[in-house]
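Report on the following structure.
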Amino acid sequence: CHDHKFDPIPTRDYYALAGVFNGRRYSEIPLVEEKEVKAYNDEQRGIKDLESKHRSHLRGIGKQEGQKRLGQVSRYLQEGWRLVTLKSQGVKISDDEFAEQAGLHRHYTKRFREMLEKGRKNDLMKRLPELKGWHDVVVNFTEKPTVETLKVPDKIVELSNQFQNFVDRAEEAISQIEIEKAEELAKARNVEDRLNKIIGKMENDQKRILKNIWIDGHAPLYASENDAYAKLLNDEQKVEADRMKTEFESLRKKAKPKYPLAHAVQGGGKAMQVYIRGNPASKGEWVARGTLEILENEPRPTDPEAAKNHPFSRLDLAEAIASPQNPLTARVIVNRVWQWHFGKGLVTTSSNFGLLGEAPSHPELLDWLTVNFIKNGWSIKWLHREILKSATYQLSSKGSSKNEELDGDNRFRWRFDRRRLEVEAWRDALLAISGNLDPTMGGPTIELSKNKTRRTVYASISRHQLDGMLRIFDFPDANVSAASRTETTVPQQQLFVLNSDFIIDQAKAFAKRVTGEYDEVPKQVEFAYRLVFGRSPSKAESQVAQAYLRIEKEKDDKLSRWEQYCQALLASNELMYLD
725 CHDHKFDPIP TRDYYALAGV FNGRRYSEIP LVEEKEVKAY NDEQRGIKDL ESKHRSHLRG
785 IGKQEGQKRL GQVSRYLQEG WRLVTLKSQG VKISDDEFAE QAGLHRHYTK RFREMLEKGR
845 KNDLMKRLPE LKGWHDVVVN FTEKPTVETL KVPDKIVELS NQFQNFVDRA EEAISQIEIE
905 KAEELAKARN VEDRLNKIIG KMENDQKRIL KNIWIDGHAP LYASENDAYA KLLNDEQKVE
965 ADRMKTEFES LRKKAKPKYP LAHAVQGGGK AMQVYIRGNP ASKGEWVARG TLEILENEPR
1025 PTDPEAAKNH PFSRLDLAEA IASPQNPLTA RVIVNRVWQW HFGKGLVTTS SNFGLLGEAP
1085 SHPELLDWLT VNFIKNGWSI KWLHREILKS ATYQLSSKGS SKNEELDGDN RFRWRFDRRR
1145 LEVEAWRDAL LAISGNLDPT MGGPTIELSK NKTRRTVYAS ISRHQLDGML RIFDFPDANV
1205 SAASRTETTV PQQQLFVLNS DFIIDQAKAF AKRVTGEYDE VPKQVEFAYR LVFGRSPSKA
1265 ESQVAQAYLR IEKEKDDKLS RWEQYCQALL ASNELMYLD
């Protein structure tokens, strides 16, 4: 919505860059041949077809069982209402117990009871007006139930034989029950006719009846796939259902994993108008696609039509960023690599080379490295070698009181700053020393908790749940850009080194490796020091180690003396820090 406050970046530049990506599409591109994609899709389609047949089989049984009981709807309504009444009176009886006493199926008894408890809000009542009058009467009776007036014979055979008797007895207690409209009793007398009317509709409008009575998920004669499997299948049907399920689950286990995909961006590239004061409803001039004006060799067109049609793609942007004519990119890369090796860059504000950023401590060196980095084909390997072979990198970290007074921050590089290894390098070093490091190159990323021997460079990084070891040892937050890492010393780090399964496992493997290589303790200690520190132990260090290893293991010790000693070496500062 405005020009950059400090650096030469006008508002137009933001829209020029945004226009390059305007209209882009994200997609996934298979990294295998088309025939492999087809084979995978065909296999998955076959598995899904078998799974669909299994579901259809269960649904079909559910429909059949519901259809069998369509003629018993009146019975289920009465018994369901009686169950609701008993529960409202505080009688403790389960749906299954009641169904067994009434000689009805437990699944449908529960469904009808739930439907009646929901009252007038029940969706089935809205869609089946034939039931509404009967249900209204039932609700009115059950609002103030009494044992005498609402008692129903224990054995109800058919609605046609018993319902009239029930209504007659209910009329005798009319003075005890508040009913706003007496004519509702007449509706109840017609319930058998209404239910028969529903059943009779099956021939004329079968789809509606099937949906409303037992297929629809809200209807009382409906059974889900899980309900059908658990409650409706007989032994023979269950054997067949199990066979079908085993068939597609077996194929799913044997199926090949999905082919790798590349996340790609396609299309894009459409000029944009400036939003005046950042308001999308107030649009200003058209801006041609491009990079930063200060870095462009030719001015961008300002005419609206020319700006709209100015060709500048994502590839053009990539080439402009990596162009030898654009030294900013190379300078930033060189400074970052220097920072990774020395802890601080030649420009300490490594994400800000603008007006508010720090000036380089060695501008000529930065320029020389930048020019030669470009001349050597932007080779990161060349840059690493050039820095690591330098006398500056090979300096000792030993201090000097005189130099400390002149340059306490070591800005002019008179010594090497003592640095702690990043967690990735430290973790890999522990694995290498113990002999557990998996040196396999390439492949997909993995969760470190599931594959503890893989190099850390292959760790999958979750923005929501970072690996515990990485988090404890200052791995940056993956949700934001990090110019550099903070370096903390907190109790959790010490506890990890003392108690974590990862460290204990490496200490055990390290001890086994050392004791398996040599039989004599002095040689074992020598070998351990070579593996960990790349040097021989001093005389004092060797004596301390041998004296400690001769001490008998305490009764409560979980680790042997060698394992404890190896854990101490792995936890040492000399391994974790570069001098």
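Just so we're aligned, residue 725 is where the sequence shown starts under the working numbering, counting upward by one.
Cβ coordinates follow ideal geometry from the N, Cα and C atoms, glycine included.
For Pro1004, there is no enclosing beta strand (DSSP E), since its DSSP letter is neither H nor E.
Leu1070 and Arg1139 have their alpha carbons spaced roughly 15 Å apart. In the three-state reduction of the DSSP assignment, Arg830 falls in the helix class, which pools H, G and I. For Leu840, the closest C-alpha among the options Pro1004, Gly1240 and Trp805 is that of Trp805. When the Cα atoms are used, Leu1194 and Arg1178 turn out to be separated by approximately 14 Å.
Nearest to Gly743 by C-alpha distance, out of Gln997, Lys787, Arg749 and Val963, is Gln997. Going by DSSP, Tyr738 is part of the alpha helix (DSSP H) stretching over Thr735 to Phe745. In this structure the segment 1023-1035 does not touch the segment 745-764; the number of beta carbon pairs closer than 8 Å is below three. The DSSP-derived three-state label of Arg1060 is helix.
Proximity to Val1061 across Tyr1117, Arg793 and Lys1176 peaks at Tyr1117, based on C-alpha coordinates. Secondary structure of Ala1231 (DSSP, three-state): helix. A residue is called buried when at least 16 other Cβ atoms come within 10 angstroms of its Cβ; Lys1068 meets this threshold and is buried.
Tyr1301 counts as exposed, since fewer than 16 other C-beta atoms from the protein chains shown sit within 10 angstroms of its C-beta.
If only uninterrupted alpha helix (DSSP H) runs of at least 4 residues are considered, those enclosed by the segment 1067-1154 are 1087-1099, 1104-1112 and 1125-1130.
DSSP places Arg1013 in the coil class of the three-state scheme, outside both helix and strand.
Residue burial is scored here from C-beta neighbours: Asp819 has at least 16 other C-beta atoms within 10 angstroms and is therefore classed as buried. In the same chain as Phe1220, and ignoring 5 residues on each side of it, the C-beta atoms closer than 6 Å to its own belong to Ile1196, in chain order.
Nearest neighbour of Arg1237 by Cα position, chosen from Glu1110, Gln1248 and His987, turns out to be Gln1248.
For His781, the enclosing alpha helix (DSSP H) stretches over residues Glu758 to Lys792. Residue pairing of Leu985 in beta bridges, as defined by DSSP: Pro754. The beta-carbon distance between Leu1273 and Trp1286, rounded to whole angstroms, is 7 Å. This is short enough to meet the 8 Å contact definition.
Comparing C-alpha distances from Val1256 to each of Ala1153, Thr1213 and Asp1191 shows the shortest one belongs to Ala1153.
Counting only runs of at least 4 residues, the segment 1169-1207 fully encloses the following alpha helix (DSSP H) elements, listed from N- to C-terminal order: 1192-1196. The continuous alpha helix (DSSP H) containing Asp1040 extends over residues Arg1038 to Ile1045.
Below 8 Å, too few C-beta pairs join the segment 1105-1117 and the segment 1035-1042 to call them touching: fewer than three.
Counting along the chain, the unbroken alpha helix (DSSP H) around Leu807 starts and ends at Val797 to Ser812.
Sequence-distant Cβ neighbours of Asp766 in its own chain, meaning closer than 7 Å and more than five residues away, do not exist here. In this structure, the alpha-carbon of Lys977 lies about 21 Å from that of Pro1168. If you draw a 10 Å sphere on the C-beta of Gln1291, you find 16 or more other C-beta atoms in it, and that means buried.
By the CB criterion at 8 Å, Ala740 and Arg1024 fall inside the cutoff. Taking 8 Å as the cut-off, the Cβ atoms of Glu1017 and Pro734 count as close.
Look at Arg1259 here: in three-state DSSP terms it is coil, with no helix or strand label. For Gln1288, the uninterrupted alpha helix (DSSP H) run begins and ends at Arg1285 to Leu1294, by DSSP. Assigned with DSSP and collapsed to three states, Leu1302 falls in strand. Linking Thr1239 to Ser1158 through their CA atoms gives a straight-line distance of about 12 Å.
Beyond the five residues adjoining it in sequence on each side, Pro732 comes within less than 6 Å, by CB distance, of Ile1018 in the same chain, given in chain order.
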